[in-house]
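*Asks:* Pasting a structure here, questions to come.
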Amino acid sequence: MDPVGLLRVLPLVLVLVLVLVLCSETREAETHVVTCGSLVKLLNTRHNVRLHSHDVKYGSGSGQQSVTGVESADDANSYWRIRGPAGGACPRGAAVHCGQDIRITHMTTGRNLHTHHFTSPLSSNQEVSAFGEAGEGDDLDVWSVQCDGVFWEREVAVRFAHVGTQVYLSVTGEQYGHPIRGQREVHAMPSANHNNWWRAMEGVFIQPSAAPLRHDEL
Numbered sequence: 001m002d003p004v005g006l007l008r009v010l011p012l013v014l015v016l017v018l019v020l021v022l023c024s025e026t027r028e029a030e031t032h033v034v035t036c037g038s039l040v041k042l043l044n045t046r047h048n049v050r051l052h053s054h055d056v057k058y059g060s061g062s063g064q065q066s067v068t069g070v071e072s073a074d075d076a077n078s079y080w081r082i083r084g085p086a087g088g089a090c091p092r093g094a095a096v097h098c099g100q101d102i103r104i105t106h107m108t109t110g111r112n113l114h115t116h117h118f119t120s121p122l123s124s125n126q127e128v129s130a131f132g133e134a135g136e137g138d139d140l141d142v143w144s145v146q147c148d149g150v151f152w153e154r155e156v157a158v159r160f161a162h163v164g165t166q167v168y169l170s171v172t173g174e175q176y177g178h179p180i181r182g183q184r185e186v187h188a189m190p191s192a193n194h195n196n197w198w199r200a201m202e203g204v205f206i207q208p209s210a211a212p213l214r215h216d217e218l
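Our numbering applies: residue 1 is where the sequence shown begins, and numbers increase by one.
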């Protein structure tokens, strides 16, 4: 191509490159928020354990399905789906706002993260369980995402405040024995403190097109 032709084409090439960069940056920014319908693992940042459940019932308290914290990053029983409350708006792929009410549903058992006025077995805080069937439980399954800013960002730790009983999802380090030896107790506490910060880790994060944005070690 002659120099004159090159000079004519160069501005178009620069515009195209700029558009591609901006689109890439926008798409990357979208991956940094947690969205409705996403499947995530939640890490307690104080004790470095992921929120976990399994079809093992508490031997005391409510007798419902137990919820624990595990150190392993690879356990499939640590995946939870982010959903709206019953009758509430949480369209698939919509970014979750700070202050928004959600349900957190265990992937493999279909039960919702739940708390109520039972005493937890190890620390005597408020028991946290997994409750309901096929994703439907009751109004004690609803949690509010507590964070600064507009949206729940993946890189930022958030708190989960229980709407019904005004407590926070927490871990303080107590460990179970048989049959879930080494797993940590997950419970709820009335005070906001360093034991109730959680961060979104591995998962599938959904965008409004309903296509997975990014698979992180699912």
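All residues carry an ideal CB built from backbone N, CA and C; glycine is no exception.
For clarity, every value in this text was computed on a predicted model and none was experimentally measured.
For the pair the region 67 to 77 and the region 89 to 97, tell me if three or more CB-CB distances fall below 8 Å.
*Replies:* no
*Asks:* Is any beta-carbon of chain D found at less than 9 Å from that of residue 124?
*Replies:* Annotation note: the requested chain D is absent from the structure, which comprises a single protein chain.
*Asks:* Among 61, 75 and 85, whose alpha-carbon lies nearest the alpha-carbon of residue 164?
*Replies:* 85
*Asks:* Please work out which residues of its chain come closer than 6 Å, Cβ to Cβ, to residue 54, disregarding the five sequence neighbours upstream and downstream, and give them in chain order.
*Replies:* 77
*Asks:* Whole angstroms are fine: how far does the CA of residue 65 sit from the CA of residue 101?
*Replies:* 22 Å
*Asks:* Roughly how many whole angstroms lie between the Cα atoms of residue 160 and residue 179?
*Replies:* 28 Å
*Asks:* Going along the chain, which unbroken runs of the alpha helix (DSSP H) with 4 or more residues stay wholly within the region 98 to 150?
*Replies:* none
*Asks:* Does the Cβ-Cβ distance between residue 146 and residue 95 come in under 9 Å?
*Replies:* no
*Asks:* For residue 200 versus residue 42, is the C-beta spacing smaller than 9 Å?
*Replies:* yes
*Asks:* Three-state secondary structure (DSSP) at residue 66?
*Replies:* strand
*Asks:* Based on DSSP bridge pairs, tell me the residues matched to residue 168.
*Replies:* 161 and 189
*Asks:* Can you name the residues that DSSP bridges to residue 52?
*Replies:* 68
*Asks:* For the beta strand (DSSP E) holding residue 203, just list the boundary residues, first then last.
*Replies:* 198 to 206
*Asks:* So is residue 33 buried or exposed if we call it buried at 16+ other beta carbons inside 10 Å?
*Replies:* buried
*Asks:* Considering residue 83, what are the terminal residues of the beta strand (DSSP E) in which it resides?
*Replies:* 80 to 83
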